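Peer 1: For what it's worth, the numbering used here labels the leading residue of the sequence shown as 15, then goes sequentially.
For glycine and all other residues, C-beta sits at the position ideal for the given N, C-alpha and C.
These numbers come from a predicted model, not from an experiment.
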Amino acid sequence: MLPFKMNLNAPNIVNICVDRREGEARSGRLYCRYTKEEIPFQNECHLLKIMDAFMDRIGYPQASVKMRSYKKKEEPSGEIPGTVSDGEEIFQQRGTLATFFIYVQYRQHATWQGEAVWVEKGEIRKFRSDLELLKLMDEAC
15 MLPFKMNLNA
25 PNIVNICVDR
35 REGEARSGRL
45 YCRYTKEEIP
55 FQNECHLLKI
65 MDAFMDRIGY
75 PQASVKMRSY
85 KKKEEPSGEI
95 PGTVSDGEEI
105 FQQRGTLATF
115 FIYVQYRQHA
125 TWQGEAVWVE
135 KGEIRKFRSD
145 LELLKLMDEA
155 C
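1) Quick check on D152: buried or exposed, where buried means 16 or more other Cβ atoms within 10 Å of its Cβ?
2) Using C-beta distances below 8 Å, list every residue in its chain close to R34, excluding the 5 sequence neighbours before and after it, in chain order.
3) Identify which residue in K80, N57, F55 and M65 has its Cα closest to the Cα of Y48.
4) Which same chain residues, not among the five before or five after A124, have their C-beta less than 6 Å away from its C-beta?
5) Quick one: residues in its chain with C-beta nearer than 8 Å to the C-beta of L147, no 5 flanking neighbours on either side, listed in chain order?
6) Under a Cβ-count criterion, where at least 16 other Cβ atoms within 10 Å of its own Cβ denotes burial, should A67 be classed as buried or exposed?
7) For D144, which of C31, Q119 and G96 has the nearest alpha-carbon?
8) Within the same chain, show all residues whose beta-carbon is closer than 6 Å to that of P54, passing over the 5 residues directly before and after it, in chain order.
9) Within this structure, are the beta carbons of I104 and C46 separated by less than 8 Å?
10) In angstroms, rounded to a whole number, what distance separates the CA positions of V133 and H60?
11) C31 lies in the beta strand (DSSP E); which residues open and close that run?
12) Looking only at DSSP bridge pairs, what is P54 linked to?
13) Compute the Euclidean distance between the alpha carbons of N29 and G37, then round it to the nearest angstrom.
Below you can see the structure in the form of structure tokens.
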């Protein structure tokens, strides 16, 4: 039983395992229900891009604005991927430095709002932007 209350059944919940910090950059692995493989990230910017693409792919939560880009973006196929995990095994993974369960509830005003759990401390915090999420993670490791 986890020592905190969070909607662990949300379709877009992810487990972020932070394994290394080099200067201000953190790297590690991301786990979700839609693949059994870990998804490595090299830094926070890479992590945000992975998570944004993931939420676009599953269509949840829907973005309230369409982001502008210099490059033409591939449109999602419209086909929502099926889950390959019930979630139990993704919540068992832990990072060397820190572990976070992230649930993005909304994507409004070109940013994210949701909840983050710092697993090792059992602390749950709400965030109002992806920058605020990164600051919460920065406090932890």
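Peer 2: With the given structure in hand:
1) Classification of D152: exposed, given that the 10 Å Cβ count is below 16.
2) Setting aside the 5 residues that flank it on each side, R34 is surrounded in the same chain by R40, S41, G42, T110 and L111, each with a C-beta closer than 8 Å to its C-beta; the list follows chain order.
3) The shortest C-alpha to C-alpha distance from Y48 to any of K80, N57, F55 and M65 is the one to M65.
4) In its chain, beyond the 5 residues on either side, V79 have a beta carbon closer than 6 Å to the beta carbon of A124.
5) Cβ contact annotation for L147 (same chain, cutoff 8 Å, sequence separation greater than five): I116, W126, G128, A130 and F141, in chain order.
6) Classification for A67: exposed.
7) Ranking C31, Q119 and G96 by Cα distance to D144 puts Q119 first.
8) The answer, listed in chain order, is R43.
9) Cβ distance < 8 Å, so I104 and C46 count as in contact.
10) Those two C-alpha atoms are separated by around 22 Å.
11) It spans V28 to E36 - the beta strand (DSSP E) in which C31 sits, taken as one unbroken run.
12) The partner list for P54 (beta bridge, DSSP) reads R43.
13) Separation of N29 and G37 (C-alpha to C-alpha, rounded to the nearest whole angstrom) is 23 Å.
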